[in-house]
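This report concerns only the one structure given below.
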Amino acid sequence: MLARNNYDDTHEKILECGKRHFIEYGFEKSSLRDICKDACVTTGAFYRHFNDKNELFEAIVSPVADKIFSNFFDYEKVSIDSVKKKQNEKVAQVHVDGTIETAMFLFDNKEIYSLIINGSYGTSYANFLEKLTVMEDDARIKMQEISLEADISSERISDKGFHIINHAHFLALTEAVLHSENKQELLENARLVSCFFSGGWKNIRGY
1419 MLARNNYDDT
1429 HEKILECGKR
1439 HFIEYGFEKS
1449 SLRDICKDAC
1459 VTTGAFYRHF
1469 NDKNELFEAI
1479 VSPVADKIFS
1489 NFFDYEKVSI
1499 DSVKKKQNEK
1509 VAQVHVDGTI
1519 ETAMFLFDNK
1529 EIYSLIINGS
1539 YGTSYANFLE
1549 KLTVMEDDAR
1559 IKMQEISLEA
1569 DISSERISDK
1579 GFHIINHAHF
1589 LALTEAVLHS
1599 ENKQELLENA
1609 RLVSCFFSGG
1619 WKNIRGY
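All you need for the numbering used here is the position in the sequence shown, starting with 1, plus 1418.
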């Protein structure tokens, strides 16, 4: 039991020190040797916990990243189901609520989200916003196809058009999260972003 506790304590210490170094220096400029030194472990001991620096980084950011993806798929399902039922107002409201809820979650995990956005170069998370944008593109394209089949859409938006708007949306939301000083300010900024983009979509697509 003591050995297990020592292993767990060391594991948490490496995660803690890794997080601190990655936040300060970013993934690429963080030194594994310095992380080990700060955690009071040898590099040999480190490799009993993680295969490399990248695996350590993923262990730190993946819980937040995975939750973002999970929330996205939940919102996507509700949105697509609503389009199928021609519940355009519900689609718009899901978009507004989803944007605000996502912003609040990101703010609660601001350090990690900032690390993903600004300090992940050299990892699989380096293009995180692009991945989110492509996911939103796919969802919007699906909704458009459903709308066109039902003949309730006035025009077809190109894939590139979707990408431009969706990328701008995620950039604006990220700015709101990273630059808001407190939750009240974030709520105001998230609502502004949400209303701006949902209003634009509603004007163009009806939802």
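No residue lacks a Cβ here, since even glycine has one placed at the ideal position from N, Cα and C.
**Collapsed DSSP secondary structure at LYS1455 in the structure displayed** = helix
**Pairwise C-alpha distance: GLU1442 and ILE1432** = 15 Å
**Prompt:** Just how far apart, CA to CA, sit MET1561 and ALA1594?
**Reply:** 27 Å
**Request:** Check whether the stretch 1603–1612 touches the stretch 1532–1540, counting contact only when three or more Cβ pairs, one atom from each stretch, lie closer than 8 Å.
**Result:** no
**Asked** Contact between the stretch 1465–1472 and the stretch 1518–1530: three or more CB pairs below 8 Å?
**Response** no
**Request:** Can you check the stretch 1557–1599 for any alpha helix (DSSP H) of at least 4 residues that lies completely inside it and give the ranges in chain order?
**Result:** 1577–1597
**Prompt:** Whole-angstrom Cβ separation of LYS1495 and ILE1564, contact assumed at under 8 Å?
**Reply:** With 8 Å as the limit, LYS1495 and ILE1564 do not qualify as a contact, their Cβ atoms being about 13 Å apart.
**Prompt:** If you count every other CB in all the chains shown that lies within 10 Å of the CB of GLU1548, and 16 or more means buried, which is it?
**Reply:** exposed
**Item:** Counted within 10 angstroms of its Cβ, other Cβ atoms place ARG1558 as buried (16 or more) or exposed
**Value:** buried
**Message:** What does the Cβ neighbour count give for ASN1545, buried or exposed, with the cut at 16 atoms within 10 Å?
**Reply:** exposed
**Distance CB(ILE1518)-CB(ALA1608) smaller than 7 Å** = yes
**Message:** If distances are taken between C-alpha atoms only, which option among PHE1440, TYR1425, CYS1435 and ASP1427 comes closest to THR1541?
**Reply:** PHE1440
**Request:** Just mark LEU1566 as buried or exposed, buried being the case when its beta carbon has 16 or more other beta carbons within 10 Å.
**Result:** exposed
**Request:** Within the same chain, show all residues whose beta-carbon is closer than 7 Å to that of ASN1506, passing over the 5 residues directly before and after it, in chain order.
**Result:** GLY1624 and TYR1625
**Asked** Quick one: is GLY1436 buried, meaning 16 or more other Cβ sit within 10 Å of its Cβ, or exposed?
**Response** buried
**Request:** State the DSSP-derived secondary structure class of PHE1468, mapped to helix, strand or coil.
**Result:** coil
**ASN1527 (DSSP reduced to helix, strand or coil)** = coil
**Request:** Go through the stretch 1470–1510 residue by residue and report every complete run of the alpha helix (DSSP H) that reaches 4 residues or more, in order.
**Result:** 1471–1502
**CA nearest to the CA of ILE1583, picked from LEU1610, ALA1568, THR1592 and TRP1619** = TRP1619
**Prompt:** Straight-line CA distance for ILE1453 to ASP1515?
**Reply:** 40 Å
**Request:** Taking PHE1614 as the reference, give the member of SER1598, ALA1568, HIS1513 and SER1449 with the closest Cα.
**Result:** HIS1513
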